[in-house]
Amino acid sequence: MTAFARRLAGHLARGLVMILIVTTVSFFVIRSVPGDPMAARYEKMVEQGMSPEAAQRAVEVLFGFAPTGSLWQQYVDYMSGLARLDLGQSLTVPGVGVSTVLFSAAKWTILPVLAGTLLSFLIGIVMGVYAAIKRSGKLGDILAISGSLLHGVPQYVLALLLGAVFTTLWPILPQGGTADIMFEPGFNAGYIGSLVEHATLPVLTYALAGYGGWILAMKSSVVTVLGDDFILAAELRGLKRGFIFRYVARNAILPLFTILALSLGMLFGGAIFIERIFNYPGLGLMLIDSITNRDYALMGGAFLLITAAIIVANIAADLFYTVIDPRVRSGEGVA
Amino acid sequence: MTAPTIAVGNGRATLRRNFWHGVWRVLKRKPSRMAGMVIVLGFAFMGIFGPLFYPDPLPRDTANLYAAPSWEHLFGTDFEGTDVLALVVTGSSYVLLSAVITAVITVVLGTGIGLFAGFRRGRWDTVLMRITDMKLTIPGLPLLLVLSTIWKFGSAIEMGLVLGLLGWGGVARAVRSQTLSLRERGFIEAARGLGLSTTHIIGRELLPSMAPFIAMNMLIAVTGAVYAQVGLFFLGVLPFEANNWGVMLNLAVFGGGAMSSPAALPYLMAPLLAILLLTLGIVLAVDAMDEIFNPRLREE
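Line by line, the protein sequences are chains A and B.
For the first sequence, counting from 1, position 143 maps to 143 in full-length UniProt numbering; every step adds exactly one.
For the second sequence, counting from 1, position 179 maps to 179 in full-length UniProt numbering; every step adds exactly one.
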């Protein structure tokens, strides 16, 4: 168990370093934006009749760090604010902290990404087993080709095609938002139905985008396991074809769990396209909006949260693999 | 001393001729590979010579906004009445030029760093791989979006440079692991035992055996770069300085309302089809290259 703890500590330390680097990058990007947004804001407030001191304070609050003092001092202030989860104030939603805005947007990214990934994972591994068993037949060929094609196409192309079909040519699905405003948010059938309806296209895109990778990965994993000795032994003992799912799939699925957590993280980056296309108010759309509105505090926060999600997914992938695969664990005990 | 040199020279020439023969045979056996090569070459031709076929600026037909596809306008017209097909063809130069620059930078940097780290091992390896892992962890697209607030990616060259500098991580990792496995093989041990210089071993022994792998990564990098920059322009965070496929997608969806009215659909579909066709061509070409460079895969 000490090895596990050491591993966890190492991961956490590396994750923290990454977050530090990402925050530093966004701090300096915000600082080096041409036209200095803070100075512009300050000028505007003074023009509107605010006293210079009040305007100065307002700008400090808005941007989450004091624009006066040495660069180093500002950096330290920004970082200590981050430690208290205080990322400053959003410009577009006045009076609300950046962290509050971000956390309310995060659920609209996390839930669809999770649903889409799990859906594609389940379908992908089942199809992958078939593609591996029938790899010399027509069905296997078709499955493998569908996998390669879907794997190669970028997410936004899939999203645009789905959108063109289901909202333009055959308008059966809504094209934006999280739910119709006619329903009152809460636990009632109408609102939940509308939520599901609005989430269908984003979830479907995540699922289709992931499916290709799963089917290819599962196919090659199953083919490897099929060559193992224990399968030969099982066949010699006279086991039927039905054992494939029980014996082979279980063993072949292990390496895929690592990719599952990794792809969850990757989808956070890709969510930007899908949320923009379907106008779905998650973290990605928030990042785009903050850039078009020049809301730099919100931009830094959204970038940080997306990166943090990916780092956490990476750590989870590694630890999870240690837990479920006894071979990795025993290897660690020796080392 | 002259005779052996000539013999070596002849040997090389024959080898080269045999190689091109092999390429032709591999391509001829499967029509899909031939199609892939034709598509890739067709796009290259379009990117280099395409703009020469059209006047600059493209003619507008203001009486014919969002025209439906016809023989005159195969993919209809856009919001100004400009032919959509002409836009796709002239827009391809930016897309393809920056993608090629990205791919070259990605592969040169990735191969160099991967070879150096894998061959040297030790402290340099650790440091370089830490940096590589960090690059791989920071999500590319969000980082590009954040950077777009300070850089404008004005020309295709700038765009290619930035994407290339951000993209070498994966190639470096892959080349390093290839190097690690190759350096333990007999022929490298023998070369080292003979006291050959490191440059010779890397340049003459390691690189040639990795050439197929590197070439494949190059093609994959081209596709990745096309996706990334078309996507960036599509999101609408970069200024529209030149006509390219991403700008077309953006204007079709967010300007023309292609997600709600069918009028702008051909305008959306034309660049999408171009991207899909280019991807298909590259996937098929990668399949062919795999067999050209990997003689063991050839079914003679």
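Ideal placement from N, C-alpha and C gives every residue a C-beta, glycine not left out.
Please read all numbers here as calculations on a predicted model, not as lab measurements.
Using beta carbons (cut-off 8 Å, strictly below), is residue i in contact with chain A?
| i | result |
| --- | --- |
| glycine 154 (chain B) | no |
| glutamate 262 (chain B) | In the sequence as displayed, the identity of residue 262 (chain B) is proline instead of glutamate. Closer than 8 Å: yes. |
| isoleucine 131 (chain B) | no |
| tyrosine 54 (chain B) | no |
| leucine 96 (chain B) | no |
| glycine 231 (chain B) | yes |
| valine 162 (chain B) | no |
| alanine 211 (chain B) | no |
Can you tell me which of the three DSSP states residue i falls into?
| i | result |
| --- | --- |
| glutamine 89 (chain A) | strand |
| threonine 279 (chain B) | helix |
| threonine 224 (chain A) | helix |
| glycine 76 (chain B) | coil |
| glycine 97 (chain A) | strand |
| residue 301 (chain B) | What is shown of chain B runs 1 to 300, which leaves residue 301 (chain B) out entirely. |
| aspartate 83 (chain B) | strand |
| leucine 166 (chain B) | helix |
| tyrosine 296 (chain A) | helix |
| leucine 145 (chain B) | helix |
| glycine 331 (chain A) | Interpretation of glycine 331 (chain A) is limited by its pLDDT of 45, a score under 50 that renders its predicted location unreliable; no figure is taken from the coordinates. |
| alanine 271 (chain A) | helix |
| phenylalanine 254 (chain B) | helix |
| phenylalanine 45 (chain B) | helix |
| residue 343 (chain A) | Only positions 1 to 335 of chain A appear in this structure, which leaves residue 343 (chain A) out of reach. |
| isoleucine 133 (chain A) | helix |
| serine 197 (chain B) | coil |
Taking only beta-carbon positions, decide if residue i is within less than 8 Å of chain B.
| i | result |
| --- | --- |
| glutamine 175 (chain A) | yes |
| glycine 212 (chain A) | no |
| leucine 287 (chain A) | yes |
| phenylalanine 273 (chain A) | yes |
| alanine 132 (chain A) | no |
| proline 255 (chain A) | no |
| glycine 301 (chain A) | no |
| valine 203 (chain A) | no |
| threonine 292 (chain A) | yes |
| phenylalanine 320 (chain A) | no |
| threonine 258 (chain A) | no |
| alanine 3 (chain A) | no |
| alanine 335 (chain A) | Note on alanine 335 (chain A): pLDDT 33, under 50, position unreliable in the model; the coordinate value appears next. So no, alanine 335 (chain A) is outside the interface. |
| alanine 164 (chain A) | yes |
| phenylalanine 129 (chain A) | The sequence shown places valine at residue 129 (chain A), not phenylalanine. It does not; no Cβ of chain B falls within 8 Å. |
| alanine 66 (chain A) | Because alanine 66 (chain A) carries a pLDDT of 49, less than 50, the predicted location of this residue cannot be relied on, and the following value inherits that uncertainty. No, no contact with chain B. |
| serine 26 (chain A) | yes |
| arginine 276 (chain A) | yes |
Just confirm the distance between the C-beta atoms of residue i and residue j, as a whole number of angstroms; I'd bet it's less than 8 Å.
| i | j | result |
| --- | --- | --- |
| valine 153 (chain A) | leucine 276 (chain B) | 7 Å |
| arginine 276 (chain A) | leucine 285 (chain A) | 6 Å |
| valine 89 (chain B) | tyrosine 54 (chain B) | 7 Å |
| methionine 248 (chain B) | leucine 85 (chain B) | 11 Å between Cβ atoms; not a contact. |
| glycine 124 (chain A) | methionine 218 (chain A) | 6 Å |
| alanine 174 (chain B) | asparagine 217 (chain B) | 7 Å |
| serine 260 (chain B) | glutamine 175 (chain A) | 6 Å |
| proline 69 (chain B) | proline 262 (chain B) | Not a contact, Cβ separation roughly 12 Å. |
In terms of alpha-carbon separation, which member of the options lies closest to residue i?
| i | options | result |
| --- | --- | --- |
| alanine 316 (chain A) | A:Thr258, A:Gly300, A:Ser290 | A:Thr258 |
| phenylalanine 303 (chain A) | A:Ser32, A:Leu283, A:Gly128 | A:Leu283 |
| residue 341 (chain A) | B:Asp61, B:Gly257, B:Ile201, B:Trp24 | What the structure shows of chain A is the stretch from 1 to 335, and residue 341 (chain A) is not part of that stretch, so it cannot be assessed. |
| tryptophan 245 (chain B) | B:Leu268, B:Ile113, B:Glu189 | B:Leu268 |
| isoleucine 220 (chain B) | B:Phe75, B:Pro208, B:Ala285, B:Leu238 | B:Ala285 |
| alanine 309 (chain A) | A:Ala5, A:Ile19, A:Ala189 | A:Ile19 |
| alanine 264 (chain B) | B:Leu87, B:Ala103, B:Ser197, B:Thr77 | B:Thr77 |
| isoleucine 131 (chain B) | B:Gly169, B:Leu143, B:Leu163, B:Val104 | B:Gly169 |
| threonine 149 (chain B) | A:Val33, A:Ala207, A:Ile272, A:Pro255 | A:Val33 |
| alanine 225 (chain B) | B:Ala63, B:Met210, B:Asp133, B:Glu158 | B:Glu158 |
| valine 230 (chain B) | B:Leu163, B:Val107, B:Gly42, B:Asp83 | B:Leu163 |
| tyrosine 206 (chain A) | A:Thr168, A:Ala234, A:Trp170, A:Leu118 | A:Leu118 |
| leucine 122 (chain A) | A:Leu226, A:Thr24, A:Ala297, A:Ile215 | A:Ile215 |
| glycine 186 (chain B) | B:Ile39, B:Glu205, B:Leu238 | B:Glu205 |
| isoleucine 324 (chain A) | A:Gly300, A:Leu254, A:Met299, A:Lys138 | A:Leu254 |
| arginine 40 (chain A) | A:Ser26, A:Phe28, A:Gln89, A:Gln56 | The question names arginine, but residue 40 (chain A) is alanine in the sequence shown. When each option's Cα is compared against that of alanine 40 (chain A), the closest is A:Gln56. |
| threonine 137 (chain B) | B:Val283, B:Ile201, B:Leu166 | B:Leu166 |
Between residue i and the ligand NAP, is the CB less than 7 Å from at least one heavy atom?
| i | result |
| --- | --- |
| isoleucine 288 (chain A) | No copy of the ligand NAP appears in this structure; indeed no ligand is present at all. |
(Q) To be precise: take each residue of the stretch 99 to 111 of chain A, compare its Cβ to all Cβ atoms of chain B, and keep it if any distance is under 7 Å. Which residues remain? (A) Along the stretch 99 to 111 of chain A, there is no position whose C-beta sits under 7 Å from a C-beta of chain B.
Q) Which of the residues in the stretch 134 to 162 of chain A, read from start to end, lie with their CB under 9 Å from any CB of chain B? A) Within the stretch 134 to 162 of chain A, Ser148, Leu149, Gly152, Val153, Pro154, Gln155, Tyr156, Val157, Leu160, Leu161 place their CB atoms closer than 9 Å to a CB of chain B, listed in sequence order.
Q.
Using a Cβ-Cβ cutoff of 9 Å, what residues of the stretch 85 to 109 of chain B are near chain A? List them in chain order.
A. Listed by position, the residues of the stretch 85 to 109 of chain B near chain A (Cβ gap below 9 Å) amount to none.
(Q) Please identify, using Cβ separations under 8 Å, the residues of the stretch 29 to 57 of chain A that lie next to chain B, in order along the chain. (A) Here the close residues are Val29, Ser32, Val33, Pro34.
Q | Near-chain A residues of the stretch 31 to 44 of chain B - C-beta to any C-beta below 7 Å | A | The stretch 31 to 44 of chain B vs chain A, Cβ under 7 Å: nothing.
Q. Mind listing which residues of the stretch 138 to 151 of chain B have their C-beta closer than 8 Å to chain A's C-betas, in chain order?
A. Listed by position, the residues of the stretch 138 to 151 of chain B near chain A (Cβ gap below 8 Å) are Ile138, Pro139, Gly140, Leu141, Pro142, Leu143, Leu145, Val146, Leu147, Ser148, Thr149, Ile150.
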